[in-house]
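Down below is the structure, laid out as structure tokens.
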Amino acid sequence: MRKSIGSALMVTLTLAWALLVSSPAFAQYPVKPITMYAVFAPGGSLDSSARALGAGAEKVLGQPVVVVTKEGGGGTVGLSILAGDKPDGYTLAAATSSGIMRIPLARKVTYKPLGSFTNIFAYAAPPSCLAVKADAPFKTFKDLVEHARKNPGKVKYSSAGAGTPMHLIMAVIGMKEKIDWGHVPFPGSAPAETAVLGGHVDAVTTGDMNMVLSGQLRALLMYTKDRYPRLPEVPTTLELGYNYFNDTVFSVFGPAGIDPAVVRKLEDAFEKALEMDPWKKLVETFGLVSVRMRSAEYTRFLEEAWKREVEIQKSLNLIKEPATAPR
Amino acid sequence: MDFWSNITLGFSVIIDPTNMLFCFIGVFLGTLIGVLPGLGPGATISLLLPLTYRLDPISSIIMVAGIYYGAKYGGSTTSILLNIPGEPDTVITCLDGYQMARQGRAGPALGISAFGSFIAGTFATLGLMLVAPPLAEFALRFGPPEIFALMVLALNLIAFMSSGSQIKGLAMATLGLFLGSIGLDIFHNVDRFVFGYNFLLEGLGIVPVILGLFGVAEILSNLEVEIKGKIFQKRAPNLLPSLKDWKDSFWPIIRGTVVGFFVGLMPGGGGIASTFASYSIEKRVSKHPEKFGKGAIEGVAGPESANNACSGANFIPLMTLGVPTNGIMAIIFASLLINGLQPGPLLIKNNPNLFWGVIASMYLGNAMLLILNLPLIGMWVRFLTIPYTVLAPMILFFCLLGSYTLKNSVADLVVMLIFGILGFLMRKFRYEAAPLIMGFIISEMVEGSFIRSLLMSNGSFTIFFTRPISCVLMIVALVLFILPFFGRKPKVLGSSDDEK
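Here the protein sequences come in this chain order: W and G.
Just add 330 to the spot in the first sequence (first one is 1) and you have the working numbering.
Just add 13 to the spot in the second sequence (first one is 1) and you have the working numbering.
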């Protein structure tokens, strides 16, 4: 008898406590682990960066940040899933900005690029460049341009796919310099690099810096906004007068409508994570450039990037109108 | 000579109990994962990623490598026993392995598979040790035209693969080529046959398709037949391959190893492709090709060896050039990077411990796998005596689990079930699934390499003949194509015994 009263009491107290704790007024975010989708496959720079960022953020937030792979469609699959999740701050996604302001221009996606998400924090810019084999006769970008001018239709460059910033930049340069160079897309950056190493194409336009940093390839032109610290002697597209650079950033998104107080907590956590060891180590190995854009700034960035990208793609005759409405 | 000092270095690394432990964990997990249909090394390794990032790089790579080639050993078990591939690479083993099991020869099939895998794995590791850098350089010379020429050769071989009607085989291969084109086209960023379904953007997944065509379809077919207890009644008297089996398998193992090794070096050289190539070659050179598809041990020995040689060779581009040829290599690549090691030509020079240690672990791992798998053969054979009413739901469960865990996507389950029904119908009407799978997996390579070649040549077809390697391969393919029309009447082409 006493035993059953005792257990009834325990159950009641537990239920009461659970009710109290789960009510919004009482809850201190975060009270349970946070899931962060990584929208690209494990082993790549986005996935690895999400894990490193998460490892730092969880120390600040006091709850584990669990990275779950949801790859596909260049990042759009994960974003589609996120758009339908609850905006309670416990489901986030680490994705590239191309899923927001580039891919939806080319094809219809199920989410509203500028409307379905809370843009929480942009944390890294992956560098990209045009590279040739280390023993190629082209020592500077000008060499390659000269060669291409003298040999129209002969120079070929590989890429990891059409429509990526790496490809588009080359197309823009080709137009501006009136060079006829040929694009050969491959299903991924590894085969694209193998093609240049094997001499089947003259150059590769790539977002994977490893071969350049290891010395197998030589970068001729960086697509970053400013000079890349690890390769300070390589010029950038902006410097050379091409009004285009690769503005893709890695960032954290949540479904639209997350409580601003929660967003602030996440911004703070991610910002602090950028100062921690797991992140520093990652930047070293993948050659990323850290970026710090909090929610408001990042949202402005995306809006401008959208407009700019629509203009460029229209001028290149790639699209007539964006395939997806932004909101 | 350097050789011995390198081996000694490697073994000194592997003697470390931690490394030995991780090697064992890796191969054990790998075998387990390989046996379960659908669950693959990719999913497992992704789950273990956080762990691998915290471990010492040598230990983590040893473990990941162990999972990778361990899965190749385990995958053949369900292929042989249940006609359901444990791994996509073991689809081909189903063809003859299962037939052998039905004849009460499951033991020898499993045995020769294990031994073949061991021999191939060891040779591949030897190859990795001795000739990695020059071979990697050679592989680099295979650009789009060469790959296309290889694909023409491969398409040729498909005709030899079918044990039934050639025409039906080719039809299935064409269907496979078509199904492989579903998804986003990388040349123009246009979706093809996607019909607005997001999950089709990346194309149909190979695992759900295989599990459907082989796993679900198998179960559906068996439900039609009244099962008294189990399909195999006889308890296999001999659990190990006989002397005759060894004699028959000797050359297939050698050839399989060589084929698998070279396919593994190629960009995009996958395990499945190597097994298909080996099977076709064995059937082509066999003195009794009509036995294939009915329990010819060559059809198990060759592909199983090719499979393991291929997985060994996959490490070569990664370790010597820093180019990962598939998703799992990419994960190992990232592990190396995260630990501050630069994959590439300097890796061997700067980190001899790592390179030779991993190689030594492969020898050890292959030996461990042999020791693990052989005694289990008896257990597996007894596994077959479980009543089908229990076995079938279990298998179906694992197929569902395997399809789902790839991308945590219900869409993959739907694909699997659709292909299950398709596979069932195909069996009823005597259309083979293996050529379909082959067409499916080479689809991107066929189309992609063709278009890329033309992009390189500005539209000229002569590019296939002006480059030496590609020219030779094209000529070989053409010769192979024309040959059967001359000389003695070929036993293989034109045989359609599905009329019986």
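Built from N, CA and C at the ideal position, the CB exists for glycine as well.
Computed from a predicted structure; not experimentally measured.
Simplified DSSP assignment, three categories, for Asn449 of chain W: Here residue 449 of chain W corresponds to residue number 119 of the first sequence, with the count starting at 1. Reduced to three states, the DSSP call for Asn449 of chain W is strand.
Contact check, Val203 of chain G vs Leu214 of chain G, beta carbons under 7 Å: Position 190 of the second sequence, counting from 1, holds the residue named residue 203 of chain G. Position 201 of the second sequence, counting from 1, holds the residue named residue 214 of chain G. Not closer than 7 Å, so no.
Neighbour-count burial assignment, Tyr86 of chain G, 16 or more Cβ in a 10 Å radius: Taking the first residue of the second sequence as 1, we reach residue 86 of chain G at position 73. Burial call: buried.
Straight-line Cα distance separating Leu123 of chain G from Ala84 of chain G: Reading the second sequence from its first residue, position 71 is the one you call residue 84 of chain G. Reading the second sequence from its first residue, position 110 is the one you call residue 123 of chain G. Rounded to whole angstroms, Ala84 of chain G and Leu123 of chain G show a C-alpha spacing of 14 Å.
Inter-residue spacing [alpha-carbon to alpha-carbon] between Ile310 of chain G and Gly189 of chain G: As a first step, residue 310 of chain G must be located in the second sequence, where it is residue number 297. As a first step, residue 189 of chain G must be located in the second sequence, where it is residue number 176. Rounded to the nearest angstrom, the two C-alpha atoms are 27 Å apart.
Under 7 Å by beta carbon: chain W residues contacting Ser194 of chain G: As a working mapping, residue 194 of chain G is identified with position 181 in the second sequence. Those within 7 Å of Ser194 of chain G in chain W number zero; the least Cβ separation is about 13 Å.
Test item: CB-CB of Ser337 of chain W and Pro456 of chain W under 7 Å: In the first sequence, counting from the first residue as 1, residue 337 of chain W sits at position 7. In the first sequence, counting from the first residue as 1, residue 456 of chain W sits at position 126. At a Cβ-Cβ threshold of 7 Å, Ser337 of chain W and Pro456 of chain W do not count as neighbours.
N-terminal and C-terminal residue of the beta strand (DSSP E) that Leu547 of chain W is part of: Counting from 1 along the first sequence, the entry for residue 547 of chain W is found at position 217. Run containing Leu547 of chain W: 547-552, per the beta strand (DSSP E) assignment.
Coil, strand or helix - His477 of chain W by DSSP: One-based indexing of the first sequence puts residue 477 of chain W at position 147. His477 of chain W falls in the helix class under three-state DSSP.
Cross-chain neighbours of Tyr445 of chain W in chain G, by beta carbon under 8 Å: Counting from 1 along the first sequence, the entry for residue 445 of chain W is found at position 115. As written in the sequence, residue 445 of chain W is Gly, which differs from the Tyr given in the question. None at all; the shortest Cβ gap to chain G is about 18 Å.
Reference Pro157 of chain G, options G:Leu491, G:Val492, G:Glu460, closest by Cα: Residue 157 of chain G sits at position 144 when you count from the first residue of the second sequence. The shortest C-alpha separation from Pro157 of chain G is found at G:Glu460.
Against chain C: residues of the stretch 440-451 of chain G by CB proximity under 9 Å: No chain C appears in the structure shown, which is made up of the protein chains W and G.
Contact belief for Pro280 of chain G with Ala314 of chain G at Cβ below 8 Å, rounded distance in angstroms: What you label residue 280 of chain G is simply residue 267 of the second sequence in a count that begins at 1. What you label residue 314 of chain G is simply residue 301 of the second sequence in a count that begins at 1. The pair is not a contact, with the Cβ atoms about 27 Å apart (cut-off 8 Å).
Beta-carbon proximity check, Pro254 of chain G vs Tyr292 of chain G, cutoff 7 Å: Here the question's residue 254 of chain G lines up with position 241 in the second sequence. Here the question's residue 292 of chain G lines up with position 279 in the second sequence. Not a contact, by the Cβ cut-off of 7 Å.
Minimum Cβ-Cβ distance from Thr494 of chain W to chain G less than 7 Å: As a working note, residue 494 of chain W is residue 164 in the first sequence. False, the Cβ-Cβ gap to chain G never drops below 7 Å.
Contact set between the stretch 511-526 of chain W and chain G, restricted to residues whose Cβ is under 8 Å from the partner: So the close ones are Gly512, His513, Val514, Pro515, Phe516, Pro517, Ala520, Pro521, Glu523, Thr524, Ala525.
Stretch pair the stretch 90-100 of chain G + the stretch 336-348 of chain G: three plus CB contacts closer than 8 Å: no
Pro521 of chain W versus Asn352 of chain G: straight-line alpha-carbon distance, rounded: Counting from 1 along the first sequence, the entry for residue 521 of chain W is found at position 191. Counting from 1 along the second sequence, the entry for residue 352 of chain G is found at position 339. Distance between the alpha carbons of Pro521 of chain W and Asn352 of chain G: 24 Å.
Ser422 of chain G versus Ala454 of chain W: straight-line alpha-carbon distance, rounded: Here residue 422 of chain G refers to the residue found at position 409 when the second sequence is read from its first residue. Here residue 454 of chain W refers to the residue found at position 124 when the first sequence is read from its first residue. Distance between the alpha carbons of Ser422 of chain G and Ala454 of chain W is about 29 Å.
Beta-carbon proximity list for Val475 of chain W, same chain, < 7 Å, skipping 5 on both sides: Counting from 1 along the first sequence, the entry for residue 475 of chain W is found at position 145. If we look at Val475 of chain W and ignore the five residues flanking it on each side, its Cβ neighbours are Glu507, Ile509.
Sub-7 Å separation of Ala603 of chain W and Leu383 of chain W beta-carbons: Within the first sequence, numbered from 1, the residue matching residue 603 of chain W stands at position 273. Within the first sequence, numbered from 1, the residue matching residue 383 of chain W stands at position 53. Yes, they are a contact pair.
Closer than 8 Å at the beta carbon, the chain W residues around Met469 of chain G: For the purposes of this step, residue 469 of chain G is taken as residue 456 along the second sequence, with counting starting at 1. Result: Lys486, Gly512, Val514, His530, Val531.
Near-chain G residues of the stretch 541-553 of chain W - C-beta to any C-beta below 9 Å: Those residues of the stretch 541-553 of chain W placed with their C-beta closer than 9 Å to a C-beta in chain G are Met541, Leu543, Ser544, Gly545, Gln546, ordered along the chain.
Cβ-based burial, Tyr210 of chain G [other Cβ within 10 Å; buried from 16]: Here residue 210 of chain G refers to the residue found at position 197 when the second sequence is read from its first residue. With fewer than 16 Cβ atoms within 10 Å of its Cβ, Tyr210 of chain G is classed as exposed.
Contacting residues, own chain, Cβ-Cβ under 7 Å from Val593 of chain W (five flanking each side not counted): Stepping through the first sequence from its first residue, residue 593 of chain W is reached at position 263. Answer for Val593 of chain W: Thr448, Ile450, Ser625, listed in chain order.
Host alpha helix (DSSP H) of Tyr66 of chain G (start-end): As a position in the second sequence, residue 66 of chain G is number 53, starting the count at 1. That run of the alpha helix (DSSP H) goes 54-67.
Contact check, Gly579 of chain W vs Val621 of chain W, beta carbons under 7 Å: Translated into positions along the first sequence, residue 579 of chain W becomes position 249. Translated into positions along the first sequence, residue 621 of chain W becomes position 291. Correcting the residue identity first, residue 579 of chain W is Val in this sequence and not Gly. Against a cut-off of 7 Å, the Cβ pair of Val621 of chain W and Val579 of chain W comes out as a contact.
Whole-angstrom C-beta distance between Gly43 of chain G and Glu100 of chain G, which should lie under 8 Å: In the second sequence, the residue the question calls residue 100 of chain G occupies position 87. In the second sequence, the residue the question calls residue 43 of chain G occupies position 30. That belief does not hold up - the Cβ atoms of Glu100 of chain G and Gly43 of chain G are roughly 10 Å apart, past 8 Å.
DSSP bridge partner residues for Arg624 of chain W (one or two, in chain order): Here residue 624 of chain W refers to the residue found at position 294 of the first sequence. In DSSP, Arg624 of chain W forms a bridge with W:Phe451.
Contacting positions in the stretch 592-619 of chain W - beta carbon closer than 8 Å to chain G: Lys611, Leu612, Glu614, Thr615, Phe616
Lys307 of chain G (DSSP reduced to helix, strand or coil): On the second sequence, residue 307 of chain G is found 294 positions in, with the first residue counted as 1. In the structure shown, Lys307 of chain G sits in coil (DSSP, three-state: anything other than H, G, I, E or B).
Coarse secondary structure for Leu460 of chain W, derived from DSSP in three states: The residue given as residue 460 of chain W occupies position 130 in the first sequence. Strand.
Three-way DSSP call (helix, strand, coil) for Met606 of chain W in this model: Looking up residue 606 of chain W in the first sequence gives position 276. If DSSP states are grouped into helix, strand and coil, Met606 of chain W belongs with coil.
Straight-line gap, Ile431 of chain G to Ile105 of chain G (C-alpha atoms, nearest Å): Position 418 of the second sequence, counting from 1, holds the residue named residue 431 of chain G. Position 92 of the second sequence, counting from 1, holds the residue named residue 105 of chain G. Their backbone Cα atoms lie some 21 Å apart in a straight line.
Reduced DSSP category for Leu496 of chain G - H, G, I as helix; E, B as strand; rest coil: Along the second sequence, read from residue 1 onward, the residue named residue 496 of chain G stands at position 483. In the structure shown, Leu496 of chain G sits in a helix (DSSP, three-state: H, G or I).
Contact list for the stretch 304-336 of chain G against chain W, Cβ threshold 9 Å: Against chain W - using a Cβ distance shorter than 9 Å - the residues of the stretch 304-336 of chain G are Pro330, Leu334, Gly335, Val336.
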